[in-house]
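For the sequence shown, position 247 matches number 248 in the numbering used here, and the numbering has no gaps at all. Yeah, the Cβ is synthetic: ideal placement off N, Cα and C, and Gly gets one too. Shown next, in structure tokens, is the structure this report addresses.
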Amino acid sequence: MSTPAPSPRHLPSGGPTPPPGLLGGRQAARIRAIVSADLLPEERASADALVMTAWLTAAQRARYAPSLRAGHHTEEFVQRLADERRVVLEEGADPVADERDSAAQAEQEARQVPLRLVEAGLLVVAFAMLAVVVIRSLRSEATGIIERIPEQGVMLLVIGLVAGALAALVGTVATRRRDRLLLDWAVSRPGQLGRGLPLHRPLQGDSAGPAIAGSLGPALLVGAGVLAIVAGAALLLISPMLGDVGGVSHWAPWLLGGGSASLSVAVLLIFLRSRRQLQSVRRSRATEWIGPTPQVEEEPPAV
């Protein structure tokens, strides 16, 4: 006798597992534990309802509250949403004819193409500035590293950094606007938050700009901080023996302080990124789509 197919609520979570990146092993293990946690339907429903309530705006909650028969109190909204999610987790979801087509149309309308084009253009500018500096440095005939940097190299690097930061900002705004539009679509359909969102591309998906900035930003700060601290310490050690060489000894405290500040900012960014990844995992789980329970044909008992 064949084993019946499991219900969608018992399938492994389809949420993305974030890569460790700059996080430590303990943080990565914590994220994996949240993704694979085997919670009871009541526990998961309560957790999903809390996450969704905190994510929705007041206007979105007010728009969805009538379908839940909830009042104006946030606690009542959370409880009713948890009950709706628990029923879907325990009993499965009833099929809705236009659910997938409506979700696909909502995704198409929420793509934010103009902002994505602006983000791509800013990234092209950033990489072009970096490429120009690298190519001119390689073609230079100077012997020293500092001398090989072109005259406009610092300005080009600054332009590249500003363009990269703007690309990350535009990409973040585009992602948030897309998420807000898709949540608006969900709250306009009774029972949709309990069922989840049947999307081809998940919410909070990072584009190239924020992903590059989140990966390279802390790394560049760490590198700059280490170089500044090493340079400051070297000046402090050399100055007592050789005196104020070139009149740069007074920069030692500034280099040490700036390097320490750079490392502190890098640590803060890594911490904020880890918090955001945890929040993204919880939100992905709260919006996971619970499809209709497949109908399994019962086989006649064996004689």
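Spatial neighbours of residue i in its chain, beta-carbon cut-off 6 angstroms, leaving aside the 5 residues before and after
i, result
"E62", "Residue identity differs from the one stated: residue 62 is Arg in this sequence, not Glu. Hits under 6 angstroms: F78."
"Q113", "A175, R178 and R179"
"W186", "A107"
"S250", "L236 and S240"
"W255", "none"
Residue i, buried or exposed, once every other Cβ within 10 Å from all chains shown has been counted against 16
i, result
"T75", "exposed"
"D102", "exposed"
"V159", "exposed"
"M156", "exposed"
"G224", "exposed"
"P219", "buried"
"V135", "exposed"
"Q278", "buried"
"R202", "exposed"
"Q109", "exposed"
"A104", "buried"
"L57", "buried"
Beta-carbon proximity list for residue i, same chain, < 8 angstroms, skipping 5 on both sides
i, result
"L123", "A164, G165, L167, A168, V171 and G210"
"A55", "none"
"H73", "A63 and A66"
"S68", "P191 and G192"
"L23", "Summary for L23: the model assigns pLDDT 43, below 50, so the residue's position carries little reliability, and this model does not support an answer."
Unbroken alpha helix (DSSP H) run spanning residue i, endpoints
i, result
"I160", "G154 to V188"
"G260", "A253 to A287"
"Q205", "It is not in any alpha helix (DSSP H) - Q205 carries neither H nor E in the DSSP assignment."
"D49", "P42 to W56"
"G195", "Q193 to R196"
"S250", "Segment: none, S250 is in no alpha helix (DSSP H) and carries neither H nor E."
"Q61", "A59 to L69"
"P293", "Neither: P293 is in no alpha helix (DSSP H) and is coded neither H nor E."
"G93", "Per DSSP, G93 belongs to no alpha helix (DSSP H) and is neither H nor E."
"G72", "First-last for G72: undefined, no H or E at that position."
"R101", "E100 to E110"
Cβ-based neighbour list, residue i, same chain, cut-off 7 angstroms, excluding 5 preceding and 5 following
i, result
"F272", "none"
"D95", "P293"
"A46", "A83, R86, R87 and L90"
"E100", "P199"
"V133", "L157"
"V231", "none"
For residue i, the nearest candidate out of the options (CA to CA)
i, options, result
"G260", "R284, G233 and G197", "G233"
"E92", "M53, E120, P115 and P42", "P42"
"R70", "E289, G192 and R274", "G192"
"A60", "W255, S189 and E100", "S189"
"A127", "S240, A262, V266 and A214", "A214"
"E120", "T58, R284, S208 and S138", "S208"
"S285", "R140, G206 and L116", "G206"
"L116", "R276, T173, A104 and T58", "T173"
Sub-8 angstroms separation of residue i and residue j beta-carbons
i, j, result
"D49", "R86", "yes"
"A111", "L183", "yes"
"Y65", "L204", "no"
"G226", "L257", "no"
"L228", "A253", "no"
"W290", "R181", "no"
"V52", "A287", "yes"
"L222", "V282", "no"
"L118", "G161", "no"
Residue i CB to nearest heavy atom of the ligand MN below 7 angstroms
i, result
"P203", "Ligands in the displayed structure: none, and consequently the ligand MN is not present."
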